[in-house]
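Undergrad: As given, the protein sequences belong to chains A and B, one line each in that order.
All residue numbers in the first sequence are consecutive under this note's numbering, ending with 640.
All residue numbers in the second sequence are consecutive under this note's numbering, ending with 900.
Ideal placement from N, C-alpha and C gives every residue a C-beta, glycine not left out.
Take this structure first; my questions come after.
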Amino acid sequence: MDPRRSARTVSDPKVRQVGFFTQPPPPDRSISDPPRHHDPIQSSSPSSPPVNDHSPSGNSLSPVMIPPPRHHSDTLLRTALQATSPTTSFPYSARTVTVPQENDDVSSFSPGRRVVSGKSPSSFPGVKASSVPASELTTVSVVNLPPGISEKSGGAAVEVQNDQLARSKPLKEKTSKAERRALQEAQRAAKAAAKAEGSKAPAAASKVGPSANTKPSKAAKPPSQKNDGSQVAPSEKKGGDRAPEKDRKKDAPHPRMQYDDASRVEKAKKRAVVKQTEARNRVELFRHLPQYEHGTQLPDLETKFFELNPMHPAVYKVGLQYLSGDICGGNARCIAMLQAFKEAIKDYLTPPEKTLIRDLTARISSYVSFLIECRPLSISMGNAIKFLKSQIAKLPLSLSESEAKASLMLDIDRFINEKIILADKVIVKHAVTKIRDGDVLLTYGASSAVEMILLHAHELGKQFRVVVVDSRPKLEGQLLLRRLVRKGLSCTYTHVNAVSCIMHEVTRVFLGASSVLSNGTVYSRVGTACVAMVAHALHVPVLVCCEAYKFHERVQLDSICSNELGNPDAISKVSGREEISYLDGLVNSDNLQLLNLM
Amino acid sequence: MPDTQALVNDFLNQLKKRKIEGSQATAKQTAELLRSVISQTRVPYTNQAGALIDSVKAVGERLIAANPVELAVGNIVRRVLHIIREEDVSLTTAAMAGLNLSAVSDDEDDADRDDRPVLSAAAVAAASRSTLRPPSLQTLLEDVPDSAAVPHTSSSGGDSEGKSKSADKSSRSRKLKHDVIEAVNELIQDINTCHEQIAEQAVEHIHQNEVILTLGSSRTVLEFLCAAKEKKRSFRVFVAEGAPRYQGHLLAKELVARGLQTTLITDSAVFAMISRVNMVIVGAHAVMANGGVIAPVGLNMVALAAQKHAVPFVVLAGSHKLCPLYPHNPEVLLNELRSPSELLDFGEFSDCMDFGSGNGAPLLHVVNPTFDYVPPKLVSLFITDTGGHNPSYMYRLIADYYSADDLVVQRRPTSGN
Numbered sequence: 043m044d045p046r047r048s049a050r051t052v053s054d055p056k057v058r059q060v061g062f063f064t065q066p067p068p069p070d071r072s073i074s075d076p077p078r079h080h081d082p083i084q085s086s087s088p089s090s091p092p093v094n095d096h097s098p099s100g101n102s103l104s105p106v107m108i109p110p111p112r113h114h115s116d117t118l119l120r121t122a123l124q125a126t127s128p129t130t131s132f133p134y135s136a137r138t139v140t141v142p143q144e145n146d147d148v149s150s151f152s153p154g155r156r157v158v159s160g161k162s163p164s165s166f167p168g169v170k171a172s173s174v175p176a177s178e179l180t181t182v183s184v185v186n187l188p189p190g191i192s193e194k195s196g197g198a199a200v201e202v203q204n205d206q207l208a209r210s211k212p213l214k215e216k217t218s219k220a221e222r223r224a225l226q227e228a229q230r231a232a233k234a235a236a237k238a239e240g241s242k243a244p245a246a247a248s249k250v251g252p253s254a255n256t257k258p259s260k261a262a263k264p265p266s267q268k269n270d271g272s273q274v275a276p277s278e279k280k281g282g283d284r285a286p287e288k289d290r291k292k293d294a295p296h297p298r299m300q301y302d303d304a305s306r307v308e309k310a311k312k313r314a315v316v317k318q319t320e321a322r323n324r325v326e327l328f329r330h331l332p333q334y335e336h337g338t339q340l341p342d343l344e345t346k347f348f349e350l351n352p353m354h355p356a357v358y359k360v361g362l363q364y365l366s367g368d369i370c371g372g373n374a375r376c377i378a379m380l381q382a383f384k385e386a387i388k389d390y391l392t393p394p395e396k397t398l399i400r401d402l403t404a405r406i407s408s409y410v411s412f413l414i415e416c417r418p419l420s421i422s423m424g425n426a427i428k429f430l431k432s433q434i435a436k437l438p439l440s441l442s443e444s445e446a447k448a449s450l451m452l453d454i455d456r457f458i459n460e461k462i463i464l465a466d467k468v469i470v471k472h473a474v475t476k477i478r479d480g481d482v483l484l485t486y487g488a489s490s491a492v493e494m495i496l497l498h499a500h501e502l503g504k505q506f507r508v509v510v511v512d513s514r515p516k517l518e519g520q521l522l523l524r525r526l527v528r529k530g531l532s533c534t535y536t537h538v539n540a541v542s543c544i545m546h547e548v549t550r551v552f553l554g555a556s557s558v559l560s561n562g563t564v565y566s567r568v569g570t571a572c573v574a575m576v577a578h579a580l581h582v583p584v585l586v587c588c589e590a591y592k593f594h595e596r597v598q599l600d601s602i603c604s605n606e607l608g609n610p611d612a613i614s615k616v617s618g619r620e621e622i623s624y625l626d627g628l629v630n631s632d633n634l635q636l637l638n639l640m
Numbered sequence: 484m485p486d487t488q489a490l491v492n493d494f495l496n497q498l499k500k501r502k503i504e505g506s507q508a509t510a511k512q513t514a515e516l517l518r519s520v521i522s523q524t525r526v527p528y529t530n531q532a533g534a535l536i537d538s539v540k541a542v543g544e545r546l547i548a549a550n551p552v553e554l555a556v557g558n559i560v561r562r563v564l565h566i567i568r569e570e571d572v573s574l575t576t577a578a579m580a581g582l583n584l585s586a587v588s589d590d591e592d593d594a595d596r597d598d599r600p601v602l603s604a605a606a607v608a609a610a611s612r613s614t615l616r617p618p619s620l621q622t623l624l625e626d627v628p629d630s631a632a633v634p635h636t637s638s639s640g641g642d643s644e645g646k647s648k649s650a651d652k653s654s655r656s657r658k659l660k661h662d663v664i665e666a667v668n669e670l671i672q673d674i675n676t677c678h679e680q681i682a683e684q685a686v687e688h689i690h691q692n693e694v695i696l697t698l699g700s701s702r703t704v705l706e707f708l709c710a711a712k713e714k715k716r717s718f719r720v721f722v723a724e725g726a727p728r729y730q731g732h733l734l735a736k737e738l739v740a741r742g743l744q745t746t747l748i749t750d751s752a753v754f755a756m757i758s759r760v761n762m763v764i765v766g767a768h769a770v771m772a773n774g775g776v777i778a779p780v781g782l783n784m785v786a787l788a789a790q791k792h793a794v795p796f797v798v799l800a801g802s803h804k805l806c807p808l809y810p811h812n813p814e815v816l817l818n819e820l821r822s823p824s825e826l827l828d829f830g831e832f833s834d835c836m837d838f839g840s841g842n843g844a845p846l847l848h849v850v851n852p853t854f855d856y857v858p859p860k861l862v863s864l865f866i867t868d869t870g871g872h873n874p875s876y877m878y879r880l881i882a883d884y885y886s887a888d889d890l891v892v893q894r895r896p897t898s899g900n
């Protein structure tokens, strides 16, 4: 199953392949191919079964990753341990081209080789063989932990380790590189030895390895304990699913920062660039989410502009745009952020005595934390950041700085082009086949994918009507409405309360999504669930359009456990209707709380 | 009469211009108006009930036509008609008992009336028979029960009874009107106090540490929650703002003023929050005969969400909101569309609302309905001033309050004309 172990895959009795497998395609077909349309349905419906070519082990990439160019020979990834077991619940869109990671390179794993292939542990401490799967979709958690999460909770996904390591750089410098490498080799040797028996113990050791690296002294104990505990359960559950799983067990995603944990919040605050004052009258149910006073950040940021030396002006600008709400929507935010990072990388100069990879990663992380303070990251942005960091980590040491920068910028461009722009084209192409003449289509809020679908269908000459449903406080539907009417579509506009009245006329509902989660739930603007529920009650088909790079592997049951809280004043004031001012003066009352869920 | 006419016209104007807000106010004004109509009606000596019914129907027809969506008007008109019929029945029963008549068999066939022995109370008996007649196909087909039968009888009666009859009837007529007006006063009283009676039941339903969700604003709900608060139950309220009128803001303000923990949320967040809610309590605009509810817009969505999360959906409604009609296509027929300016700013979108493009139809329509229909299967409980009821029980209450003859408030053309 691990293609890199193709030599002995078939005959290995311990390896039991579950699901549909195809032989990994020859690598030369992989890279610049337009997406193979195994099942274009994937792109528009999140609930279809995994694609056929989704060979579970190494071939499938995370939707975030672009298949690397063929010539990349610096693979410190190809360790046998690196079982990439992508989460199976991921329906891959046609976007994921299954490219084996340098298949032909022998997957045999030799420490010596590892050292040679450069940039690995020596330059990037903590990036061990087991921990830099640039292309593997490991069980990655949300990357954007605010700085200050320096403790490692056990079972942390591998990628997260990268970020954490980058951020907790000051701690790591305690151990020298040589020490760390030695540790690593020892771990790996132990792993290799134990692996032959296929026991679980080495897996634990391997897990401990990474953690030991980051906190050689402290955290080794707790993570290992936790690892053992958490590892036993999933391994047992999965049984003989995939042998490599035993070694790189499927960790639960790292839990996100919970804001009701006072100590963590304190740490986060210390590292914060933007000082935020917490909102009064916090809704108890949402204590685990950050609630800040809005409107106080902008002046603060302005005064700090010249102090923010490490901040690149492009990033700063993007942050301000997020803060003010000028840029809104998963794709737009992601693209804006990536463009800003491109600028930042272009202007980046490696400081003396530092390596590009480590320093650049640290710098990107600081940018990310700034952006988080402006506005919590969307899932699309999170995935893009993960991708960028992994690309940085994969840079071979032999590249010069300008080459490295050029390569990174090229990677960003490819990401935007393939994952967003081309993906949207595919989605549109498929979705317009679902629209027939005489349809009445309903959409909620403003989704870029749905807008493209509607405009394209109109261009193709289909006759249909659109119902735009809008809700407070953002009233995004008005923008979409204006754009549609300008192009000549006949539209009906209403608000979300009236959706059960209007649903009787509707034939199809198109919804956009911010993300699709691992348990199949769609994570989107607040109110989308209402629309979907009413549509379901009236037997109207609902189609969700979401690019694959926005998929995420965490799970969520309701809208409370993870959300974003907006400005409460937006609720008490109704824009455009000044007569509705019942709540003036009451905002600071103890009994009244305003809840603005996004 | 003239001042009554002026009153009626005034009220009609207000209804047409939608100046009166709220079904309780509408009901009260309707009742008072009908009371004055009744007191002004000159009733003939015979069949005064019929005359009263006629005059009430005349006014009622116009009132209902002025604002068909405001069902409380029709409800009150029908209530008053029912009152008239009931009072008439009770009076004739009393009269019959008082005259010690033997039990006259209530023939369904009216043709035998002539054979009856002529007594001084013959006319009374005949009249009572017509009013006490059980409803049957015969009566429905005959279509003019009262007005034709009684003159027939009176003409067959002898002259000897003339004086006593007229004396009887004049006293009876005054008594009928008097009784009817008393009953209408009671009705007005009921309408006024419906909030208190509903609020008394609050303490049975709201307990400690509960979370209640409501949408928009309703005075009944406000009183309900405050009554529970008075009984020292501590609970929290989520109020959804209820676009586009944003009455939820008002309700939140009131609740905060009375010391309740309130959280104001947008309507789109209802589904998100409902999993943490213990009960949904809402007011209604009208309750239909099948148990369905005509409610402010957005409540169907809330009811669906509540059913999905198994949260009880409680509707508070005074008895003047109970309508004896069945809803057919209520989203269209029992709904009103309000001004689009509440949703969109005309200034911004004036270019889109042009009629000049394409085939001349405007590209942009704005739909702003006022009401939502909630089917009875989504409602867990109705709390009225007579207690708590299941939606499937509501049709029984109709029999208490309304007569079957009055479902269509239209004057039948009398055959004699």
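Determine the contact status of B/V892 and B/G581, defining contact as a CB-CB distance below 8 Å.
TA: As a working mapping, residue 892 of chain B is identified with position 409 in the second sequence. As a working mapping, residue 581 of chain B is identified with position 98 in the second sequence. Going by C-beta atoms, B/V892 is not nearer than 8 Å to B/G581.
Undergrad: Does the region 744–761 of chain B come within contact of the region 776–792 of chain B, defined as at least 3 CB pairs closer than 8 Å?
TA: Short answer: they touch.
Undergrad: For B/G731, which of helix, strand or coil comes out of DSSP?
TA: Working through the second sequence from its first residue, we reach residue 731 of chain B at position 248. Note: B/G731 maps to helix in three-state DSSP.
Undergrad: Are the C-beta of B/I748 and some C-beta of chain A separated by less than 8 Å?
TA: To locate residue 748 of chain B, count along the second sequence from 1; it is residue 265. By this cut-off, B/I748 is an interface position.
Undergrad: Check whether the region 497–508 of chain A touches the region 562–570 of chain A, counting contact only when three or more Cβ pairs, one atom from each stretch, lie closer than 8 Å.
TA: Cβ pair count under 8 Å is below three, so no.
Undergrad: Would you tell me roughly how many angstroms separate the C-alpha atoms of B/P727 and B/Y809, rounded to the nearest one?
TA: Along the second sequence, read from residue 1 onward, the residue named residue 727 of chain B stands at position 244. Along the second sequence, read from residue 1 onward, the residue named residue 809 of chain B stands at position 326. Straight-line Cα distance between these residues: approximately 28 Å.
Undergrad: Which runs of the alpha helix (DSSP H), 4 residues or longer, sit entirely within the region 359–400 of chain A?
TA: For the region 359–400 of chain A, whole alpha helix (DSSP H) runs of length 4 or above, ordered along the chain, are 372–388.
Undergrad: Which residue comes first and which comes last in the beta strand (DSSP E) that contains B/I559?
TA: By 1-based counting over the second sequence, the position of residue 559 of chain B is 76. Careful: B/I559 lies outside any beta strand (DSSP E), inside the alpha helix (DSSP H) at L554 to G581.
Undergrad: Tell me whether A/L521, by its Cβ, gets closer than 7 Å to a heavy atom of the ligand ATP.
TA: As presented, the structure is devoid of all ligands, the ligand ATP included, so that no description of it is given.
Undergrad: If we call anything under 8 Å between Cβ atoms a contact, is B/P779 one with B/G830?
TA: Residue 779 of chain B sits at position 296 when you count from the first residue of the second sequence. Residue 830 of chain B sits at position 347 when you count from the first residue of the second sequence. Going by C-beta atoms, B/P779 is not nearer than 8 Å to B/G830.
Undergrad: With 8 Å as the threshold, decide whether the Cβ of B/R759 is near any Cβ in chain A.
TA: Residue numbering aside, residue 759 of chain B sits at position 276 when the second sequence is read from its first letter. So yes, B/R759 belongs to the interface.
Undergrad: How about A/L118: is its C-beta nearer than 8 Å to some C-beta of chain B?
TA: Translated into positions along the first sequence, residue 118 of chain A becomes position 76. Residue placement at A/L118 cannot be trusted, given a pLDDT of 43 that sits under 50; the coordinates are not used to answer.
Undergrad: How would you list, in chain order, the residues of chain A whose beta-carbon sits under 9 Å from the beta-carbon of B/K499?
TA: One-based indexing of the second sequence puts residue 499 of chain B at position 16. None at all; the shortest Cβ gap to chain A is about 24 Å.
Undergrad: Run the CB neighbour count on B/T513, radius 10 Å, all protein chains shown included, and call it buried at 16 or more, exposed below.
TA: To locate residue 513 of chain B, count along the second sequence from 1; it is residue 30. Buried, because 16 or more other Cβ atoms sit within 10 Å of the Cβ of B/T513.
Undergrad: Between the Cα of B/Q665 and the Cα atoms of B/V556, B/N873 and B/S519, which residue gives the shortest distance?
TA: Looking up residue 665 of chain B in the second sequence gives position 182. The question names Gln, but residue 665 of chain B in the sequence shown is Glu. Considering only alpha carbons, the answer is B/S519.
Undergrad: Secondary structure at B/I881, three-state DSSP: helix, strand or coil?
TA: Translated into positions along the second sequence, residue 881 of chain B becomes position 398. In the structure shown, B/I881 sits in a helix (DSSP, three-state: H, G or I).
Undergrad: Let me know if B/L816 comes out buried or exposed under the rule of 16 or more other beta-carbons within 10 Å of its beta-carbon.
TA: Your numbering for residue 816 of chain B matches position 333 in the second sequence. Exposed: under 16 other Cβ atoms inside 10 Å.
Undergrad: Against chain B, with Cβ distances strictly below 8 Å, would A/L636 count as a contact?
TA: As a position in the first sequence, residue 636 of chain A is number 594, starting the count at 1. Chain B contact via Cβ: present.
Undergrad: Would a check of beta-carbon distances place B/Y729 closer than 8 Å to chain A?
TA: Taking the second sequence and counting its residues from 1, the one referred to as residue 729 of chain B is at position 246. Yes, B/Y729 counts as interfacial toward chain A.
Undergrad: Using a C-beta to C-beta distance shorter than 8 Å, which residues of chain A count as neighbours of B/K791?
TA: Against the second sequence, residue 791 of chain B aligns to sequence position 308. Within 8 Å Cβ-Cβ: M575.
Undergrad: So, helix, strand or coil for A/G424, using DSSP?
TA: Residue 424 of chain A sits at position 382 when you count from the first residue of the first sequence. The answer is helix: DSSP assigns A/G424 an H, G or I state.
Undergrad: Round the Cβ separation of B/Q531 and B/G801 to the nearest angstrom and send it over; I've been treating them as touching at under 8 Å.
TA: Locating residue 531 of chain B in the second sequence gives position 48, where the first residue counts as 1. Locating residue 801 of chain B in the second sequence gives position 318, where the first residue counts as 1. Actually they are not in contact, since the Cβ atoms of B/Q531 and B/G801 sit about 30 Å apart, beyond 8 Å.
Undergrad: Hey, how far is the Cα of A/Q635 from the Cα of A/V541?
TA: Position 593 of the first sequence holds residue 635 of chain A. Position 499 of the first sequence holds residue 541 of chain A. Straight-line Cα distance between these residues: approximately 27 Å.
Undergrad: Just reading off the alpha helix (DSSP H) that B/G533 is part of, what are its end residues?
TA: Stepping through the second sequence from its first residue, residue 533 of chain B is reached at position 50. Where B/G533 is concerned, the enclosing alpha helix (DSSP H) stretches over Q531 to A549.
Undergrad: Which of helix, strand or coil does DSSP assign to A/F593?
TA: As a first step, residue 593 of chain A is located in the first sequence; it is residue number 551 there, counting from the start. Coil, per DSSP.
Undergrad: Tell me the DSSP bridge mates of B/L698?
TA: Translated into positions along the second sequence, residue 698 of chain B becomes position 215. Answer is B/A723.
Undergrad: Measuring straight from C-alpha to C-alpha, what distance separates A/L430 and A/C376?
TA: For the purposes of this step, residue 430 of chain A is identified with residue 388 of the first sequence, where counting begins at 1. For the purposes of this step, residue 376 of chain A is identified with residue 334 of the first sequence, where counting begins at 1. Each residue's Cα considered, the two are about 12 Å apart.
Undergrad: Measuring alpha carbon to alpha carbon, tell me which residue in B/L554, B/N818 and B/T749 is nearest A/L639.
TA: Against the first sequence, residue 639 of chain A aligns to sequence position 597. Cα-wise, what sits closest to A/L639 is B/T749.
Undergrad: Helix, strand or coil, according to DSSP, for A/R524 in the structure here?
TA: Counting from one through the first sequence, the residue named residue 524 of chain A turns up at place 482. Here A/R524 sits in helix by DSSP.
Undergrad: Evaluate B/P527 with the Cβ neighbour count: other Cβ atoms within 10 Å of its Cβ, from every protein chain shown; 16 or more gives buried, anything less gives exposed.
TA: Locating residue 527 of chain B in the second sequence gives position 44, counting from the first residue. Its Cβ having fewer than 16 others within 10 Å, B/P527 is exposed.
Undergrad: Quick one: measure Cβ to Cβ for B/L890 and B/N558, integer angstroms, because I've assumed they're closer than 8 Å.
TA: Locating residue 890 of chain B in the second sequence gives position 407, counting from the first residue. Locating residue 558 of chain B in the second sequence gives position 75, counting from the first residue. At roughly 11 Å, the Cβ-Cβ gap does not stay under 8 Å, so B/L890 and B/N558 are not in contact.
Undergrad: Of all Cβ atoms in chain B, is any one closer than 8 Å to the Cβ of A/G530?
TA: In the first sequence, the residue the question calls residue 530 of chain A occupies position 488. Chain B contact via Cβ: present.
Undergrad: Of all the options B/E679, B/L546 and B/A789, which has the alpha carbon lying nearest to the alpha carbon of B/L698?
TA: As a working mapping, residue 698 of chain B is identified with position 215 in the second sequence. For the residues B/E679, B/L546 and B/A789, the minimum Cα distance to B/L698 belongs to B/A789.
Undergrad: Can you tell me whether A/E460 is helix, strand or coil according to DSSP?
TA: Position 418 of the first sequence holds residue 460 of chain A. Reduced to three states, the DSSP call for A/E460 is helix.
Undergrad: Please work out which residues of its chain come closer than 8 Å, Cβ to Cβ, to A/V597, disregarding the five sequence neighbours upstream and downstream, and give them in chain order.
TA: Counted from its first residue, the first sequence places residue 597 of chain A at position 555. Cβ neighbours of A/V597 beyond the five flanking positions: L559, S560, N561 and T563.
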